[in-house]
Amino acid sequence: MRSLIAKYAEKLHRDRSVVPGRVGIAAQDDVMLCEGAPDLSRLAADVLSRLSCLGIVAASPSLPFASYLLRRANADAKSIVPLDTETRTFLHDIPIVRREELGGDPAYAIAALLSNRKGVIAEGVGIVASGPVTLEQAYIHYSSVYHAAFVKYLLDALRDGFVLPGEEEAFREFRETSLQPLSAEGLSFRAGPLDDPEEVLAEIRAVGRYTVERGLVDSFFGNISWRVGGTIFISQTAASLDGLAGCIDPVPMDNRSTTGITASSELLAHRRIYEATGARAILHGHPKFSVAMSMLCEEKDCPVKDCWKDCPNVRMLGDIPVVAGEIGAGGLAVRVPPVIGGPGKAIVYGHGVFSIGRTGFEEAFRSMVDVENRCREEYFRRLDARARRQSKSE
Amino acid sequence: MSLRQYILVVDLASGRMRREEIPPELLRAYLGGRGLGVRLLRDRHTFSPFDPAMPVIFAVGPLCGTPAPTSARLSVVSRSPLTGTVYDCSAGGRFAWRLRAAGLFAIRVEGKSTRPVVLAVTSAGEELLPADGLWGKSVGETVRALSDRGSVAAIGPAGENGVLYSNIMMGEGNAVGRGGLGAVLGAKNPKAVTVDGDRPVPVADRERFDRARADVLRLFRASPVIFGELGISEYGTPALVDLMRQRRMAPTENFRRTVFDGSPAYSGPAIRAAYGAKKEGCFGCPIRCKKRASDGRALPEYETVSHFGALNGIADLHAIVRSNDACNDLGMDTISAAATLSAWGEARGRFPSPEEIGPLLHDIALRRGEGELLAEGSRRVAETLGKPELSMSVKSLELPAYDPRGAYGMALAYATSNRGGCHLRAYPISHEILRKPVASDRFSFSGKARMIKIAEDANAAVDSLVACKFAFFGASLEEYAELLSGVTGEPHTPQGLKEIGERIWLTERSYNARNGFTRADDDLPARFFAEAGSGGEGIDVPPIDRARFVEELTKYYRIRGLRDDGSSPDDGFLERQP
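Chains as they are written, first to last, in our numbering: chain L, 58 to 451; chain X, 50 to 627.
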């Protein structure tokens with residue numbers, strides 16, 4: 058168990074979602090184990106002792122977005138609702154607890170909220186997340202809250218501007234120094250077509266790792282596949298892109314075997330993309346600016362309410378098509394294949410990017426980098442325009 | 050929840066029946082289904098399963114009759130004649146919904162009728178009907194004869210003749226299976242129970258309920274196991290055949306091996322191709338994992354095809370389907386029947402052929418010839434033949450089709466299950482194999498004691514709601530607590546549900562302890578610690594490390610608050626519970 062605690066603490070540092078040294082993790086076997094920053098690990102253990110649960114992660118997020126969301130919320134608000142479809146599906150809403158509500162026993166207040174939800178944003182503490190089944194689950198829930206807060210803050214800031222003291226300066230700092238430049242340069246890709254299963258598996262593992270190492274996606278937010286003849290090699294459901302060893306299923310495209318029941322929930326989308334485009338490789342991930350930009354629709358008086366799943370239109374962000382579609386057995390598998398062939402990339406409303414490689418992963422990877430970079434640029438262009446408008450009106 | 054819920058108490062000896070209000074504090078503390086049934090056994094849990102005073106309790110859950118997904122299920126609770134443990138089993142179909150719609154939350158059947166009867170329940174009342182003409186009939190014949198009385202729960206010849214793994218069968222083909230509750234009911238002489246209600250079930254907070262329901266359905270759509278193109282909605286539970294073959298944990302030839310080369314013959318795609326399998330589901334279930342052939346017959350589940358297949362070395366799909374048909378019609382559990390035949394086969398040096406199995410199943414149900422012994426289950430068969438080690442069972446309940454050498458949480462869960470060798474209590478296959486809600490390392494014991502304890506508690510709550518385990522390949526207690534809050538208008542949380550589940554689990558453990566069960570009963574057959582499974586294709590399946598298993602079991606007891614010998618330090622636990 059101690060090795061698992063060390064593993065996920067290291068992962069949180071590596072994916073740059075926590076302030077260095079500000080992580081506390083507790084896990085229960087037959088005894089309570091906790092590691093990390095003393096105050097946070099003690100809090101994690103105190104929370105865990107009140108829950109039927111295997112592990113708790115408590116950490117200070119590396120970016121202050123979750124804290125800003127809490128402070129920007131109405132005084133009577135008890136939670137924030139994620140806007141991206143992935144985290145909204147799995148988290149529903151994220152409880153927020155203010156400093157004064159934490160009282161003299163913060164663990165009590167946080168445990169009460171975690172008795173009903175996967176993660177909580179606590180003022181002055183950060184994000185606290187639970188793992189009812191495994192410690193990895195606590196890590197995933199932390200990462201989900203972090204991701205949800207990031208995307209929601211981007212959208213809220215664009216809509217409402219900066220309203221808190223110091224917020225604008227902090228955002229500028231994020232934009233100018235914290236935001237990692239995205240690039241495929243220096244990475245090594247195998248040229249296709251690859252037919253040897255061992256080589257295919259190695260390439261999928263390597264490219265999955267690149268997506269996380271380059272800061273393109275958070276580790277378990279995405280999936281990846283390669284087609285060899287009538288077989289799709291695809292990452293398994295709930296697998297981390299930077300930990301795919303032993304987590305890739307070979308799935309026959311004609312469904313003569315059901316071994317792929319553990320494959321990614323996006324298997325059907327991958328299969329239909331292969332059928333529609335003849336591609337050899339597919340990369341799917343949730344880069345945050347792409348997710349945020351996909352939800353900015355300027356259609357007026359539109360009758361569609363659940364845009365994320367019901368919008369029938371293909372919108373364009375430059376030459377990148379954006380379509381609606383629910384994950385898994387929803388409409389994503391219907392709407393992405395017809396639009397992805399030409400540009401080689403597509404965004405799903407509130408969900409993320411799909412990109413294809415006609416011969417290998419290099420094209421798919423470069424496409425995803427390109428989509429995210431262009432979405433970043435467009436986001437900041439709009440944010441700057443908003444700031445100019447605001448400054449003129451003042 | 051409207052806490053005014055009623056139980057029908059039926060005394061078959063006198064023919065008296067009365068509807069009584071269930072104390073609201075019991076519903077708060079035990080929810081319904083398994084929990085309520087277990088609680089209602091408290092004053093008789095040491096009675097023999099065949100004692101006329103031993104009740105058989107049919108109970109629904111608080112979500113039953115609402116549009117809560119997968120919740121129109123029934124629990125039946127009593128004491129098992131096969132295992133001697135407290136025993137519950139849940140079944141789908143339409144019976145539970147119609148029972149609730151008849152104004153009832155539960156039925157408690159006790160006493161013994163002098164002649165065969167049918168208990169018929171409607172919204173207007175209940176009556177006992179003479180059933181001499183139905184005694185000896187198959188389940189199918191019985192259901193057809195009673196088809197104008199709503200939903201039917203019936204026993205077949207196996208239940209009448211006291212086969213220790215006889216089922217109560219639902220008219221739609223679902224089973225109250227495994228532990229022999231068909232024999233417990235049969236000993237009291239009712240051939241069937243019918244229900245046909247028409248009252249709606251209120252939902253206190255419709256908006257909250259609808260939001261939770263939408264959340265559940267989104268999670269179902271996001272789950273490859275449920276709605277994926279290779280998932281159980283498409284292929285039913287036989288979707289697991291290929292996966293268990295690939296993971297090299299398909300029990301083969303009485304667990305001597307873990308890969309069967311003939312398994313593609315009865316995989317999900319093979320069944321679909323051969324029988325034109327169509328989707329069918331329990332009342333209101335969106336998953337619809339049941340599969341029915343184009344000629345209308347219910348097609349077998351994963352455990353059934355695997356145990357009548359690999360476990361007996363049979364690769365003939367049609368023979369397997371015929372075995373399933375026979376068990377359903379005779380009212381007999383497929384897992385225990387196939388596993389008992391397999392243990393018997395290994396003991397005599399030859400597994401039964403496809404042609405032999407059909408006649409043997411009839412002999413078992415009628416307790417004639419070899420069937421007289423085989424009707425007693427694998428433990429008694431193996432002991433009688435002088436080879437007790439060949440019964441692949443825990444607490445006398447035959448192990449289903451997940452080899453414990455391929456998933457160590459499953460190994461621990463088999464051992465700790467209160468009803469014996471059952472996969473559905475902690476159900477670690479969900480995370481060890483199917484990666485839901487997250488993956489865990491199947492070849493490691495690390496952390497498994499805590500995981501099993503938490504899952505046992507959570508699933509005791511699920512069985513008391515009464516929801517289907519398959520829903521939790523997508524959704525979680527978080528959404529089901531919200532559904533419950535919406536139905537009842539009272540706040541519920543996953544943590545609160547797990548605490549209820551813990552109370553239920555400890556109650557069951559206390560009953561078992563008073564019936565003589567000890568740590569020695571929380572163990573696996575020796576084969577799993579001594580013989581390797583069928584490794585290959587990069588997967589090694591070694592014997593389970595016994596020392597590590599024992600260490601984790603001891604941890605489990607500590608986490609449960611038990612002594613290292615598995616006993617409870619708290620003699621007053623039961624008496625302190627509501």
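Where is the CB? At the ideal position from N, CA and C, for every residue including glycine.
Keep in mind the model is a prediction, meaning the values are calculated, not measured.
For L/Gly382, collect the residues of the same chain with a Cβ closer than 6 angstroms to its Cβ; drop the 5 residues on either side in sequence, then sort them by chain order.
For the purposes of this step, residue 382 of chain L is taken as residue 325 along the first sequence, with counting starting at 1. So the qualifying residues of the chain are Gly388, Leu389, Arg392 and Val405.
Quick check on this structure: which residue in X/Phe258, X/Lys186, X/Pro477 and X/Gly330 has the alpha carbon closest to the alpha carbon of X/Glu527?
Numbered from its first residue, the second sequence carries residue 527 of chain X at position 478. X/Glu527 has its Cα closest to that of X/Phe258, out of X/Phe258, X/Lys186, X/Pro477 and X/Gly330.
Give the secondary structure of X/Thr389 by DSSP, where H, G and I count as helix, E and B as strand, and everything else as coil.
Sequence index remark: in the second sequence, residue 389 of chain X carries index 340 (1-based). Note: X/Thr389 maps to helix in three-state DSSP.
What is the residue span of the alpha helix (DSSP H) that L/Arg438 lies within?
In the first sequence, counting from the first residue as 1, residue 438 of chain L sits at position 381. Unbroken alpha helix (DSSP H) run through L/Arg438: Phe418 to Ser450.
Looking only at its chain, what residues have a beta carbon closer than 7 angstroms to the beta carbon of X/Arg93, apart from the 5 residues adjacent to it on each side?
The residue you call residue 93 of chain X lines up with position 44 of the second sequence. In chain order, Ala102, Met103 and Pro104 place their CB closer than 7 angstroms to the CB of X/Arg93, counting only its own chain and leaving out the 5 sequence neighbours on each side.
Under 8 angstroms, with one C-beta from each stretch per pair, do the segment 198 to 212 of chain X and the segment 258 to 270 of chain X reach the 3-pair mark?
At 8 angstroms Cβ cutoff, the stretches do not touch.
Test: L/Ala205 CB closer than 7 angstroms to a CB of chain X
Reading the first sequence from its first residue, position 148 is the one you call residue 205 of chain L. For L/Ala205, no Cβ of chain X is located within less than 7 angstroms of the residue's own Cβ.
Assigned exposure category for L/Asn131 - 16 Cβ within 10 Å defines buried:
Position 74 of the first sequence, counting from 1, holds the residue named residue 131 of chain L. When all chains shown are included, L/Asn131 counts as exposed.
With H, G and I counted as helix, E and B as strand and the rest as coil, what does DSSP make of X/Gln626?
Sequence index remark: in the second sequence, residue 626 of chain X carries index 577 (1-based). Residue state, collapsed to three classes: coil.
Does the beta-carbon distance from X/Lys604 to L/Asp87 come in below 7 angstroms?
Here residue 604 of chain X refers to the residue found at position 555 when the second sequence is read from its first residue. Here residue 87 of chain L refers to the residue found at position 30 when the first sequence is read from its first residue. Annotated as proximal: X/Lys604 and L/Asp87, with beta-carbon spacing under 7 angstroms.
Contact list for X/Glu505 against chain L, beta-carbon separation under 8 angstroms
To locate residue 505 of chain X, count along the second sequence from 1; it is residue 456. Here the premise fails: no neighbours, minimum Cβ distance about 11 angstroms.
Distance check for X/Pro111 and X/Met50, CA to CA, integer angstroms please.
Counted from its first residue, the second sequence places residue 50 of chain X at position 1. Counted from its first residue, the second sequence places residue 111 of chain X at position 62. Bear in mind that the predicted position of X/Met50 carries a pLDDT of just 49, short of 50, making it unreliable; the figure below should be weighed with that in mind. Looking at the two C-alpha atoms, the distance is approximately 7 angstroms.
Minimum C-alpha distance to X/Cys471 - residue among X/Asp572, X/Phe332, X/Phe309 and X/Glu175:
Counted from its first residue, the second sequence places residue 471 of chain X at position 422. The candidate whose alpha carbon is nearest that of X/Cys471 is X/Asp572.
Grouping DSSP H, G and I as helix and E and B as strand, with all else coil, what is L/His70?
For this step, residue 70 of chain L is matched to residue 13 along the first sequence. Correct three-state label for L/His70: helix.
Against chain B, with Cβ distances strictly below 7 angstroms, would L/Arg313 count as a contact?
Annotation note: the requested chain B is absent from the structure, which comprises protein chains L and X.
DSSP state of X/Gly610 mapped onto helix, strand, coil
Working through the second sequence from its first residue, we reach residue 610 of chain X at position 561. Assigned with DSSP and collapsed to three states, X/Gly610 falls in coil, not helix or strand.
Which of the three DSSP states, helix, strand or coil, is assigned to L/Pro394?
Indexing the first sequence from 1 puts residue 394 of chain L at position 337. Reduced to three states, the DSSP call for L/Pro394 is helix.
L/Gln447: buried (16+ other C-beta within 10 angstroms of its C-beta) or exposed?
Mapped onto the first sequence, residue 447 of chain L falls at position 390. Under the 10 Å beta carbon count, L/Gln447 is surrounded by fewer than 16 other beta carbons and is classified as exposed.
Would you be able to state if there are at least three C-beta pairs under 8 angstroms between the segment 592 to 601 of chain X and the segment 293 to 312 of chain X?
These segments do not touch.
Please say whether L/Leu100 and L/Ala115 have beta carbons closer to each other than 7 angstroms?
Indexing the first sequence from 1 puts residue 115 of chain L at position 58. Indexing the first sequence from 1 puts residue 100 of chain L at position 43. Cβ distance < 7 angstroms, so L/Ala115 and L/Leu100 count as in contact.
Roughly how many whole angstroms lie between the Cα atoms of L/Gly409 and L/Ile197?
On the first sequence, residue 409 of chain L is found 352 positions in, with the first residue counted as 1. On the first sequence, residue 197 of chain L is found 140 positions in, with the first residue counted as 1. Here the alpha carbons of L/Ile197 and L/Gly409 stand approximately 17 angstroms from one another.
List the residues that DSSP assigns as beta-bridge partners of X/Tyr136.
The residue given as residue 136 of chain X occupies position 87 in the second sequence. For X/Tyr136, which the question treats as bridged, DSSP gives the partners X/Ser127.
Tell me whether L/Arg337 is buried or exposed, calling it buried when 16 or more other Cβ atoms sit within 10 Å of its Cβ.
Here residue 337 of chain L corresponds to residue number 280 of the first sequence, with the count starting at 1. Looking at its Cβ environment, which holds 16 or more other Cβ atoms inside 10 Å, L/Arg337 is buried.
Under the DSSP definition of a beta bridge, which residues are partnered with X/Val158?
As a working mapping, residue 158 of chain X is identified with position 109 in the second sequence. BP columns for X/Val158 point to X/Val59 and X/Val105.
Please classify L/Ile62 as buried or exposed, where buried requires at least 16 neighbouring CB atoms within 10 angstroms.
The residue labelled residue 62 of chain L in the question sits at position 5 within the first sequence. Around the beta carbon of L/Ile62, a 10 Å sphere encloses 16 or more other beta carbons of the protein chains shown; the residue is thus reported as buried.
Quick one: is L/Glu67 buried, meaning 16 or more other Cβ sit within 10 Å of its Cβ, or exposed?
Position 10 of the first sequence, counted from the first residue, corresponds to residue 67 of chain L. L/Glu67 should be labelled exposed.
For X/Gly358, I'd like the list of residues in its chain whose CB is within less than 6 angstroms of its CB, leaving aside the five on either flank, ordered along the chain.
Looking up residue 358 of chain X in the second sequence gives position 309. The residues are Tyr315 and Ile369.
Using DSSP bridges, identify the partner residues of X/Leu168.
The residue labelled residue 168 of chain X in the question sits at position 119 within the second sequence. Answer by DSSP bridge pairing, in chain order: X/Leu177 and X/Val242.
Checking contacts by CB at 7 angstroms: is X/Gly459 closer than that to chain L?
Reading the second sequence from its first residue, position 410 is the one you call residue 459 of chain X. It should be pointed out that residue 459 of chain X corresponds to Met in this sequence rather than to Gly. Not an interface residue.
Sheet register partners of L/Val185 (DSSP bridge)
The residue you call residue 185 of chain L lines up with position 128 of the first sequence. Under DSSP, L/Val185 takes part in a beta bridge, and its partners are L/Ala115 and L/Val177.
Look up L/Trp365 in the DSSP assignment and give the residues it is bridged to.
On the first sequence, residue 365 of chain L is found 308 positions in, with the first residue counted as 1. Beta-bridge pairing links L/Trp365 to no other residue.
Threshold first: 4 residues or longer. Then list the alpha helix (DSSP H) segments lying entirely within the segment 288 to 316 of chain X, N to C.
Runs of the alpha helix (DSSP H) lying entirely within the segment 288 to 316 of chain X, each at least 4 residues long, are 289 to 295 in chain order.
Could you spell out where the beta strand (DSSP E) holding L/Asp306 opens and where it closes?
Reading the first sequence from its first residue, position 249 is the one you call residue 306 of chain L. Here the beta strand (DSSP E) through L/Asp306 covers Ile305 to Pro309.
Determine the extent of the alpha helix (DSSP H) in which X/Glu221 is found, giving its start and end residues.
Position 172 of the second sequence holds residue 221 of chain X. That residue, X/Glu221, is in no alpha helix (DSSP H); it is neither H nor E in DSSP.
Which residues of chain X have a Cβ atom closer than 7 angstroms to the Cβ of L/Ser292, listed in chain order?
For the purposes of this step, residue 292 of chain L is taken as the residue at position 235 of the first sequence. Here the premise fails: no neighbours, minimum Cβ distance about 11 angstroms.
Residue environment, X/Pro300, which counts as buried when at least 16 other CB atoms sit within 10 Å
What you label residue 300 of chain X is simply residue 251 of the second sequence in a count that begins at 1. Per the 10 Å Cβ criterion, buried.
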